[in-house]
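Asks:
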């Protein structure tokens with residue numbers, strides 16, 4: 001059980017306070033930057049460490065949702081060279097990032113939504 005994990009580190013409170021069915025990559029990063037600032041290397045390192053903790057100590061549902069988050073993160077990294085999804089990942093405001101990268105806010109939202117749907121499909125397909 002995740003609440004029994006000793007010293008999970010900063011940022012883990014997101015996994016404890018949010019129902020696992022509602023875990024969202026963007027919300028995790030927004031919660032992290034609101035509490036700890038935007039140190040990209042530290043954020044990614046802690047995120048990967050915390051997903052490992054969830055895989056080791058979580059319930060089956062939490063493990064599936066951790067896999068979904070990991071796939072979302074990997075999909076964003078794969079999309080990085082085309083710069084249409086990753087822009088929102090490293091900014092404090094996803095809509096501002098979409099606007100600064102030549103897309104309107106609704107269009108940027110649609111791309112994020114499609115990426116989320118693709119990763120959800122991949123998780124359901126793999127399980």
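Numbering (the numbering used here), first residue to last: 1 to 127. Backbone N, C-alpha and C define an ideal beta-carbon position, used for all residues, glycine too. Just so we're clear, the structure is a prediction, and the values are computed from it rather than from any experiment.
1. For residue 46, which residues from the same chain have a beta carbon less than 7 Å from its beta carbon, with the 5 sequence-adjacent residues on both sides left out?
2. For residue 3 and residue 54, what's the separation of their Cα atoms in angstroms?
3. Going along the chain, which residues of its own chain have a beta-carbon closer than 7 Å to the beta-carbon of residue 58, five neighbours each way excluded?
4. In terms of residue numbering, what span does the alpha helix (DSSP H) encompassing residue 47 cover?
Replies: Answer, in terms of the structure:
1. Excluding residues up to 5 positions away in sequence, 9, 10, 11 lie with their Cβ nearer than 7 Å to the Cβ of residue 46 in the same chain.
2. 10 Å
3. 2, 66
4. 40-57
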